[in-house]
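Novice: Take the sequence shown: its letters are residues 1424 to 1788, numbered as in the numbering used here. Where a beta carbon is used, it is the ideal one built from N, C-alpha and C, also for glycine.
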Amino acid sequence: MNHISPTGTAAKLKPGVVTGADYLTLLQACRDGGYALPAVNVVGTNSINAVLEAAAKNKSDVIIQLSNGGARFFAGEGCPDAAAARVLGAVSAAQHVHTVAKAYGVCVVLHTDHADRSLLPWVDALIDHGEEHMKRTGQPLFSSHMIDLSAEPLDINIEECAKVLKRMAPLGMSLEIELGVTGGEEDGIGHDIEESADNAHLYTQPEDVLKAWEILSPIGHVTVAASFGNVHGVYAPGNVKLRPEILKGSQEAVSAKFGGGEKPMSLVFHGGSGSEKDKITEAVSYGVFKMNIDTDTQFAFSEPVGAYVEANAVAFKHQIDPATGKPQKKLYDPRKWLRAGEKGIVKRLDEAFADLGSAGRTLAG
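1) I'd like to know whether the C-beta atoms of Leu1594 and Met1557 end up nearer to each other than 7 Å.
2) Which term fits Ala1679, buried or exposed, when burial requires 16 or more other beta carbons within 10 angstroms of its beta carbon?
3) When the Cα atoms are used, what is the spatial distance from Val1441 to Asp1571?
4) Quick check: the region 1737-1755 against the region 1698-1707, are there 3 or more CB pairs under 8 Å?
5) What does the alpha-carbon distance come out to for the pair Cys1502 and Ile1768?
6) Would you mind reading off the limits of the beta strand (DSSP E) that contains Cys1530?
7) Provide the residue span of the beta strand (DSSP E) that contains Ala1462, from first to last.
8) With DSSP collapsed to three states, give me the class of His1519.
9) Under the DSSP definition of a beta bridge, which residues are partnered with Pro1750?
10) Is it the case that the Cβ atoms of Ala1494 and Gly1467 are separated by a distance below 7 Å?
11) Name the one or two DSSP bridge partners that Glu1599 has.
12) Does DSSP put Asn1580 in a helix, a strand or coil?
13) Please classify Tyr1446: does DSSP put it in a helix, a strand, or coil?
14) On the DSSP bridge assignment, give the partners of Lys1713 in chain order.
15) Is there contact between the region 1772-1788 and the region 1459-1476, where contact requires at least three CB pairs shorter than 8 Å?
16) Note the first and the last residue of the continuous beta strand (DSSP E) segment covering Val1485.
17) DSSP three-state label for Ala1574, please.
18) For Tyr1731, report the span of its alpha helix (DSSP H) as first-last.
19) Round the Cβ separation of Val1647 and Leu1690 to the nearest angstrom and send it over; I've been treating them as touching at under 8 Å.
20) Could you check the C-alpha separation between Gln1674 and Ile1638 for me, to the nearest Å?
21) Keeping to the same chain, check which residues put their C-beta closer than 6 Å to that of Val1728; ignore five residues upstream and five downstream.
22) Given Thr1627, which residues of its chain have a CB within under 8 Å of its CB, disregarding the five upstream and five downstream residues?
23) Less than 7 Å between the beta carbons of Asp1484 and Thr1785, yes or no?
24) For the alpha helix (DSSP H) that contains Glu1555, what are its first and last residues?
25) I'd like to know whether the C-beta atoms of Leu1598 and Cys1530 end up nearer to each other than 7 Å.
26) Verify the CB distance criterion: does Ser1689 have a CB-CB separation below 7 Å to chain B?
27) Quick one: what does DSSP say Leu1779 is sitting in, helix, strand or coil?
28) Cα separation between Ala1789 and Val1523?
29) CA-CA distance, Asp1756 and Asp1504?
30) I'd like to know whether the C-beta atoms of Ala1444 and Lys1713 end up nearer to each other than 7 Å.
31) For Gly1499, which three-state DSSP category applies?
32) When the Cα atoms are used, what is the spatial distance from Ser1640 to Phe1496?
33) Under 7 Å, do Tyr1527 and Ala1479 count as touching if we go by C-beta distance?
34) Taking Cβ to Cβ, would you say Gln1488 is nearer than 7 Å to Asn1469?
35) Residues in the same chain with beta-carbon distance under 7 Å from Trp1545, minus the five sequence neighbours each way, listed in chain order, please.
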């Protein structure tokens, strides 16, 4: 049904960025093996390198992704054209990953996060760069992109996704779509949540998944972010209720009508930060191959940096310690406190790899 065919889940893959058939092989291995990969939003080389370090340490493959704001930051907030910066930053980050990922000995999925209608030109421009990269190297720049039109009517969501997928499929790229609404906000893309555990629009309906799958899967490879009460950011306990069984229902509906086994779809878990571990395990068992984790890794970077600054407060106020007359350069050297932040991300991702069951299961060989 899809234009890209996996080469077999037992196959070993070359380390580095995976696209096309290798990407599908990785996804199939996740579904067959009952594990998922953390998808970590990055904003600079420090966060990219920390993700790669954590993946190598845990012998796990990993997903590195950029939101539009993260891409813009990567290019520099001083870049006068914000739209151009989103494109240039994403391209620059992708090139950095392509350059260094092989050295870490794991497989890496390169992805862009939520793009609503206003950001479709951003995705189009990145596909342009993907086409150029394909001509030069034989593979696209990114493994996949995400289109989030969940706030629009279903038919329009599917129609616009089909247009984008028709460009991506010949490059061996996958499209992530969102059906239903993930609450909260990420870089300006998102939806308010109500003070209710029965917030109906947070739960995707199986018939919507069926319709999207029927139209999109013949065009190219699709992954589905189906909402089951998940919310971006950190939220008060009880404010929403995670219902992973909704994912099981969607898989069963697609399998019954279109075949493909018990888990025909590769599903995505948005808003993974702060989620209950038993709900994570249940969601993965239903075919989730990707769990987004952004809020927790932001804090994991910031908390040790803050602790380092507090522990060396004098060095961040005086180049020469006024009490001892000693130079403070070795303490305020940015490499010191940035490294503290990197170690914080690695520590948090140790937990994520364990929660998702991916530790020790890299396909790189």
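Specialist: Working from what's here:
1) yes
2) exposed
3) 23 Å
4) no
5) 27 Å
6) 1530-1535
7) 1460-1464
8) helix
9) Ile1743
10) no
11) Met1569, Thr1646
12) helix
13) helix
14) Leu1460, Val1691
15) yes
16) 1485-1489
17) coil
18) 1718-1734
19) 6 Å
20) 16 Å
21) Trp1760, Ala1763, Gly1764
22) Leu1602, Gly1603, Ala1649, Ser1650, Phe1651, Ile1669, Ser1673
23) yes
24) 1543-1560
25) no
26) The displayed structure is made up of one protein chain only, and chain B is not part of it.
27) helix
28) Residue 1789 falls outside the range modelled here, since the chain spans only 1424 to 1788, and no answer is possible.
29) 31 Å
30) no
31) coil
32) 34 Å
33) yes
34) no
35) Asn1491, Arg1509, Val1510, Ala1538
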